[in-house]
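Encoded as structure tokens, the structure appears first; notes follow it.
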Amino acid sequence: MSHFVLIDGNSVANRAFYALPLLSTSAGLHTNAVLGFTTMLLKVLEEMKPTHIMVAFDAGKVVFRHSEYAEYKGGRSKTPPELSEQFPLIRELLDAFSIKRFELEGYEADDIIGTLTKQADEQAWKTTVITGDKDMLQLVSEHVSVALTRKGVSEIELYTPQEIHEKYGLKPLQIIDLKGLMGDSSDNIPGVPGVGEKTALKLLHEYGSVEQVLENIDKVSGKKLQENLRENVDKANMSKALATILREAPVELDVQDTGFEGYDGVPVSEFFKKMEFKSLLSKIKVAQPADGSGQADAKPFSFEMISEENKVAYESKLTSPMALYIEMDGENYHHAPFLGIGLAAEDTVMFVPWDVAKEWKVLCEWLADPAKEKWVFDGKRDTVGIAWHDLAIKGISFDVYLASYLLNATESNPTLDSIAAQYAQTRVLSDEEVYGKGAKRLVPEMDVLSEHVAHKAAAIWQSVPVLREQLAENEMEKLLGELEAPLSMVLALMEKQGVKVNSERLVQMGEDLDKKLAGLTDQIYELAGGAFNINSPKQLGEILFDRLSLPVLKKTKTGPSTSADVLEKLAPYHPIIDAILTFRQLGKLRSTYIEGLTKEIHTKTSKVHTLYNQATTATGRLSSTDPNLQNIPIRMEEGRKIREAFIPSEDGWYMLAADYSQIELRILAHISQDENLIDAFQKGMDIHTRTAMDVFGVSEEEVTSLMRRQAKAVNFGIVYGISDYGLSQNLNITRKEAGDFIERYFDVFSGVKRWMDEIVQQAKADGYVTTLLNRRRYLPDIRSSNFNLRSFAERTAMNTPIQGTAADVIKLAMICMQEAIEEKGLASRMLLQVHDELVFEVPENELEVMRKLVPEVMESALSLNVPLKADVSDGRTWYDAK
DNA sequence: TCGATCACGC
DNA sequence: CCAACACGTGATCGAA
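So the first sequence is numbered by our numbering: it starts at 669 and just counts up by one.
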């Protein structure tokens, strides 16, 4: 059966460009859009097996729509040169595959595709359109499906009439009416003001089309909506016309001419070599000459299995550099048993079962030899894991895990299989494929296991040169070599060291909580007039809003909201509310912080050994799990008491904590160069009071506590990049009032405003933003037509340089601090990092030194044009270090 | 098993 | 009144 595939070339290339990091060849040719396009194309060929295929491109400057609406696509910033230069390459790609491409002067790809799908539809051909543009959903019919690219271009979502009905409750052609009503900012289609997707769908479900809605304006509910519709009849009609894809373009191409019978591997692999798509080369089938001379491309994978008997013969193979991977059974390397070690270099791949490895003296010495360079995936994991076996690894010279994270921080927690797919020729199975998941997880037989681990080591070996090149391209070698890599070794020490926990204290607090919770439960049942599960938002909602008839202030997807901010507003209505709030608070303490923490106490050490994840966050911060030691309560006194259970691991020692004061705002002052903000910090003022003075135009004495609180919330919003809506929720004021606050803030701190405008512009041009140390975050949604996605990306553009630079600074401080401790021969140990705070355990005789040294090191980690400030305190427990 | 809701930190 | 709440982790519920 025939299958006709039509690709919207411009749309797919655009999506690919913004979804992938800006890669380039050694000659400096940008290739990310080409790579994304190729990935999509290979996937389509493999999964859809088209018999006919064609790619359409936009052509010419004067699109016929311009004559109808001069502003059409006016809001769109111009294509960046890094992308435009890739279009000729994409054409070359298609020629290599012998795939027909088509463009028509003055028409968009949409219209070409619209016309051809109509032809295909008339002949009842099975047809699929590949695009990133939702407008194209209007082309869907019995024979025509539209596949929308998602997550950039790596995944596709297929739409038939059924799917469109399920998702929107509309027929395909009504997609045009939807756009007519709601508009599309990316194409500058105006739509009707005040009408978004929700309202538009409601109107269409009721009336069916733009025309019908306009005929029945009087019946539409909502005065403002009626008014908007009445005033914008022309706009609505015009928008619908603009959104309509032409299906009668003068296309002189017969569908029959697009036949496709597979591609010739030779020109394709030539093209891939030119693009330096090393990982794709292995995926294409090059026809094998009958004499077998083409074997070079299909070298089978092989590796050496090391045993007690043969190990001596491989001693000489332990070279430098060499890729190393330690396979463990489980995620938590503080406990996970070791299974084996994979090793790889240019001409060797080996697997050493752990039982053999741990008794192989030459290998253990090689591991501990700092002169023998190791390339690894997550060196912290290896270092800590092997330390639990009283062995050591030294000489880690490249970590593909950290490198891959720096190249694309939005893909959090890179896995080795995904790294291999991007940067190596060897395919690595995901651990889930090898072990199974959940209850079915099982360590496989040795033959499967050894091959899996060997693949991992080989993939690391192959990835390193590619990653190095890309890091150099992005100027990130120093960020990796001087920040993340040394930091991973500092974190390894902290994790292995662990923090001592007073479990008796936890037990005692748990018992107190149990009593209080039992009392509260009785009280709540009494007030509610019956027993129910207080932990169930659903059941709680029924009690509050049905039985007690309290007003519903906010709804979630599943029913009325019972979150703390809502309950606080309901507190005056009924005494049960306060009891529930307290119950929630104490319940959280019990389950997460008493029970959860107790479970994580290591039996041998009586300590908790957290896992710091160095490659998870989009901003460059660390995160902490098992247990999470970055969210131990502090704001409420009852919760704060949990910190009494965190104690020094040696008798007579102290806990010492130091935190940066307002580090994000200081960084904002530095990068925005705002004179007012710089002045505030240089004078050492309380920043929230100063903000209140400036925003409200009053003197220091006139700042009320309300004014300071509001100024603090505005500063909070600036630092965290929240919207005016977010600020209004925080302060419990209207969105307009919140907007006014922000406006007044920007009047006073005009340098901040200027910087924020610039950074958004820059993000739109580059597709990413950077921190002071050149950490990078891609913002694929920055030019999205979806208001929410775009606004979010814009706030991220403003927030990430601030939060990310703060992360850079404390990471630097940690490296310097560890160096200082070692250099001065101190016994004190760094234990924790909580984003802007460092916690140490310190012997009494080092207290004086550390009280001075820690803030000094933190404050001088990076030199800015405002001073950095760190406050230090100490005590017998973490609680007392306040 | 997994999404939704809630709550803790910075 | 388009819709929406930075960055994380973890516990619990209840529908599949």
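C-beta: ideal position from N, C-alpha, C; glycine also.
Residue i in three-state terms, based on DSSP
i       : result
Leu1218 : coil
Tyr931  : coil
Ser1259 : helix
Gln1330 : coil
Phe725  : strand
Asp1449 : helix
Gly1227 : strand
Val938  : Note on residue identity: the sequence assigns Glu, not Val, to residue 938. Residue state, collapsed to three classes: helix.
Asn1281 : strand
Lys1492 : coil
Leu1506 : strand
Tyr993  : strand
Phe1384 : helix
Thr785  : helix
Phe1006 : strand
Gly1106 : helix
Leu921  : coil
Lys1550 : coil
His720  : strand
Val730  : Note that Val730 scores a pLDDT of 48, beneath 50, so its modelled location is shaky and nothing firm can be said.
Phe1200 : coil
Arg771  : Per the sequence shown, residue 771 should be read as Glu rather than Arg. Note: Glu771 maps to strand in three-state DSSP.
Thr799  : strand
Asn1127 : The amino acid occupying residue 1127 in the given sequence is Ala; Asn does not appear at that position. Note: Ala1127 maps to helix in three-state DSSP.
Where residue i falls, given that 16 or more other Cβ within 10 Å makes a residue buried
i       : result
Asp1539 : exposed
Phe969  : exposed
Gln1350 : exposed
Leu1521 : buried
His720  : buried
Arg1393 : For clarity, residue 1393 is Tyr in the given sequence; the question names Arg instead. Classification of Tyr1393: exposed, given that the 10 Å Cβ count is below 16.
His873  : exposed
Lys891  : exposed
Glu1509 : buried
Asn900  : buried
Val797  : buried
Val1220 : exposed
Asp1408 : exposed
Asp1085 : buried
Thr1439 : buried
Ser1373 : exposed
Asp1425 : exposed
His1270 : exposed
Asp1319 : exposed
Ala1475 : buried
Nearest-angstrom Cβ-Cβ length linking residue i and residue j, presumed shorter than 8 Å
i       : j       : result
Gly1178 : Met1323 : The pair is not a contact, with the Cβ atoms about 22 Å apart (cut-off 8 Å).
Pro840  : Gly851  : Pro840 to Gly851, Cβ: 19 Å. No contact.
Thr783  : Glu916  : 6 Å
Val1234 : Lys1225 : Actually they do not touch by this definition, with Cβ atoms about 15 Å apart.
Asn896  : Gly862  : 5 Å
Leu1035 : Ile1061 : 5 Å
Asn1081 : Asn1281 : 7 Å
Quiz item: Below 8 Å, can you find three or more Cβ-Cβ pairs linking the stretch 1281–1301 to the stretch 1327–1346?
Solution: no
Self-check item: Complete runs of the alpha helix (DSSP H) confined to the stretch 1407–1441 [at least 4 residues]
Solution: 1418–1434
Exercise. Tell me the start and end of each unbroken beta strand (DSSP E) in the stretch 1017–1103 that is at least 3 residues and wholly inside, in chain order.
Key: 1017–1021, 1042–1044, 1064–1067
Quiz item: Is it a yes or a no for the stretch 885–905 touching the stretch 752–761, going by three-plus beta-carbon pairs under 8 Å?
Solution: With the cut-off at 8 Å, the stretch 885–905 and the stretch 752–761 do not touch.
Quiz prompt | the stretch 1040–1048 touching the stretch 1300–1310, judged by at least three CB pairs closer than 8 Å | solution = no
Quiz prompt | Three-pair Cβ contact test at 8 Å for the stretch 998–1018 versus the stretch 1105–1124 | solution = In short, these stretches touch, since the Cβ pair count reaches three.
Quiz item: Are the stretch 675–689 and the stretch 699–710 touching, with three or more C-beta to C-beta distances below 8 Å?
Solution: Yes: at least three Cβ pairs fall under 8 Å.
Exercise. Output the residue ranges of the alpha helix (DSSP H) runs that lie fully inside the stretch 801–881 and measure 4 residues or longer, sorted by chain position.
Key: 829–836, 842–850, 865–875
Quiz prompt | Any beta strand (DSSP E) of 3 or more consecutive residues that is wholly inside the stretch 1306–1377 | solution = 1322–1328
Quiz item: For the 8 Å Cβ check, are there 3 or more pairs between the stretch 1477–1492 and the stretch 1454–1467?
Solution: no
Practice problem: Kindly confirm or deny that the stretch 1050–1057 and the stretch 1158–1170 touch, where touching means at least three C-beta pairs closer than 8 Å. | Solution: By the criterion of at least three beta-carbon pairs nearer than 8 Å, the stretch 1050–1057 is in contact with the stretch 1158–1170.
Exercise. Report yes or no: do the stretch 969–978 and the stretch 1164–1173 share at least 3 C-beta pairs separated by less than 8 Å?
Key: no
Practice problem: State whether the stretch 811–820 contacts the stretch 931–949, with contact taken as three or more CB pairs (one from each stretch) at a distance under 8 Å. | Solution: no
Self-check item: Contact the stretch 1445–1454 vs the stretch 1463–1475: 3+ CB pairs below 8 Å
Solution: yes
Exercise. Determine contact between the stretch 1350–1359 and the stretch 1368–1386, defined as no fewer than three beta-carbon pairs at a distance below 8 Å.
Key: yes
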